Structures are given as structure tokens and as C-alpha cells.
Amino acid sequence: MKHELDNVANRLDVAARDATAIAQLDEQLTLDEAYEVQALALARRVKRGERIVGMKMGFTSRAKMVQMGIDEMIFGRLTDGMLVEEGGVTRRARYVHPRVEPEIAFRLRKPLAGRISHFEARDAVEYIAPAIEIIDSRYQNFKFSLADVVADNSSSSGFIIGPPHGPDIDIANLGMVLSVDGAPREIGSSAAILGNPWRSLIAASVFAERYGFTLRPGDIVMAGGATAAVACEAGARVKLETQGLAEISFSFR
Ligand code: OOG
Ligand code: MG
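Position 110 of the sequence shown, counted from 1, bears residue number 1127 in our numbering, the numbering being contiguous throughout.
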């Protein structure tokens, strides 16, 4: 079994590295096996010199669940190799079929794991920032089951973090407009993220303990897309406006 999981992890890791899609898995993984594959694939990235810098939550909004036909919250891990500079450029060729999502990010100043109160969550956050996630499924046609997407690190592939705002700003219901090449493509609210993005951070802490790790000071936690994701081609310029927070952008070359 261990050998089989390692084999799946290798296939997904190579697909991510080479930006070439693979067929849907024949292996019928359980959810726990899928998270094990995720960890094994991540270990390969770490062995190549990448550093784990946080965690991304998935399917924390109805819009995302409906778009992908999955109704369970999931997570993936972020590495330093996935970071795209705010205002910067990333090569479209690095991805199979990238999509972008409007998100909110938290940066931690204290470790987190397990059940925590809102107060403890707030106390653990150094800053909040508007963020864009670049998701990219390693499966053909961006099609997957719950276990398959978890094994694929929940489609993690890139993230852009905006300038920091203090943890006391109200993020419960901020309008968000995601534009591509100047045209608004998705419009929503941070409230779409579990009713309040703070709940996503609390859920991330619960996941961390459940899957045997601790979020560390300095880690980034992405709360999940507030709207459906938008597919991007080479040359696309992506902009996110979040009510009361800084505007952020980047481009695909
Ligand atoms: C899975 C990742 C979901 C989010 O913000 O909900 C996600 C996918 O849609 O490919 O990142
Ligand atoms: Mg996301």
C-alpha cells in the first residue's frame, strides 16, 4: 500500500513539475490515503529544496463547491516556490490550465493546531492581506474526485499576497472584484468564505492537528476562494480589488 501511495505521489509530483496533465487516478484512495499522498508528494518538493510556508483551504465557499461539484472542505500546503510577487509576472508555461481566485490570507505570529476560539485565532495572527490564489489541477480537464484533488495538494500552485493590514480590521463582509485584462470576471464578498474568513483559519488549525502538523509563526494561511475560479491564458493581467484593502495584481507571461 505504502508503495502504491508513493507511486501516485511521484506521478502527481512529476505532473506538477513538468506542467503536464495526467489521467484521473485508477486507485480509489480513501481521504486519509489522499492526504498521505499529498504529504509524500510534498516531501519530494522539500527534498528538491522547497520550503513549506503555509496552508491553503479549499471549498470554503458555496461558489467553489458548486463550480467543482465537491461539498467538503479540504486543504493543501504552500511552498516558497509557489509564491508569485505582488505586481509581478509568472510564466503561463509553468502551469497546465491555471485559474485564479480571490482570497484573504492570514500570516501567523504564533503556532496553531487543534480547536481554537476566535480570540485565540485573532491573537495568533500577525497580519491579514488580500490574496490571489493560482490553482492548477494536475488532472486532465481539471476533473477530479474529492480524494483525487486532495492527493494533488488541493490544486495548490501559486499565490500572491498583498500588503499587510492589522489583524483588527473587519474582514467579515468585504466586497471583492476579480478582473482579468481590466474586465470584472467574478464579484463577491469575503462573507462567502464560511460566513467569515476567520472561520477558515480556525478550520485550518483543526485540520493541522488532525493531519499531524502545527502551523508555525510566519506561516501563511489562505482562506479559500470567495467566488468561482477564472481560467487564464498567457498575457492575462489579473487584478483583485477588495473593499477597504489594497488592490493587488500580477500577470501571466
Ligand atoms: C481545488 C482547490 C480549491 C479553493 O479556494 O476553494 C480552492 C480546486 O478547485 O481545484 O483552492
Ligand atoms: Mg483557493
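For glycine and all other residues, C-beta sits at the position ideal for the given N, C-alpha and C.
Just so it is clear, the structure is predicted and the values come from calculations on it, not from any experiment.
If I'm right that Ile1237 touches Leu1095 with Cβ under 8 Å, what's the distance once you round it to whole angstroms?
-> Correct: roughly 6 Å between the Cβ atoms.
Between the CA atoms of Leu1022 and Leu1262 - distance to the nearest angstrom | A direct Cα-Cα distance of roughly 42 Å separates Leu1262 from Leu1022.
Taking Leu1059 as the reference, give the member of Ser1171, Gly1241 and Glu1250 with the closest Cα.
-> Nearest C-alpha to Leu1059: Ser1171.
Under 7 Å from any heavy atom of the ligand MG, does the C-beta of Glu1203 make it?
-> Glu1203 Cβ: outside cutoff for every heavy atom of the ligand MG.
Roughly how many angstroms lie between the CA atoms of Ala1189 and Lys1019, to the nearest whole one?
-> Going by the C-alpha atoms only, they are around 43 Å apart.
Under a criterion of Cβ closer than 5 Å to any non-hydrogen atom of the ligand MG, which residues qualify, in chain order?
-> Every residue with a CB closer than 5 Å to a heavy atom of the ligand MG is listed here in chain order: Glu1118, Glu1150 and Gly1242.
6 Å Cβ shell around Gln1260 - same chain, five flanking residues per side excluded = In its chain, beyond the 5 residues on either side, Leu1191 and Gly1192 have a beta carbon closer than 6 Å to the beta carbon of Gln1260.
Around the Cβ of Glu1258, are there at least 16 other Cβ atoms within 10 angstroms (buried) or fewer (exposed)?
-> By the neighbour-count criterion, in which a residue is buried when 16 or more other Cβ atoms sit within 10 angstroms of its Cβ, Glu1258 is buried.
Identify every residue that forms a DSSP beta bridge with Ala1248.
-> Beta-bridge pairing links Ala1248 to Arg1116.
Determine the DSSP secondary structure at Tyr1228, reduced to helix, strand or coil.
-> Residue state, collapsed to three classes: coil.
Smallest Cα separation from Met1074: which of Gly1205, Glu1089 and Thr1037?
-> Checking every option, the nearest Cα to that of Met1074 belongs to Glu1089.
Between Arg1202 and Val1247, is the Cβ-Cβ spacing less than 8 Å?
-> Yes, the pair counts as a contact, with Cβ atoms nearer than the cut-off.
Starting from the N-terminal side, write out each stretch of the beta strand (DSSP E) that is 3 residues or longer and does not extend beyond the region 1077-1122.
-> Counting only runs of 3 or more, we get 1091-1096.
Cβ of Gly1075 within 7 Å of any heavy atom in the ligand OOG?
-> The answer is yes for Gly1075.
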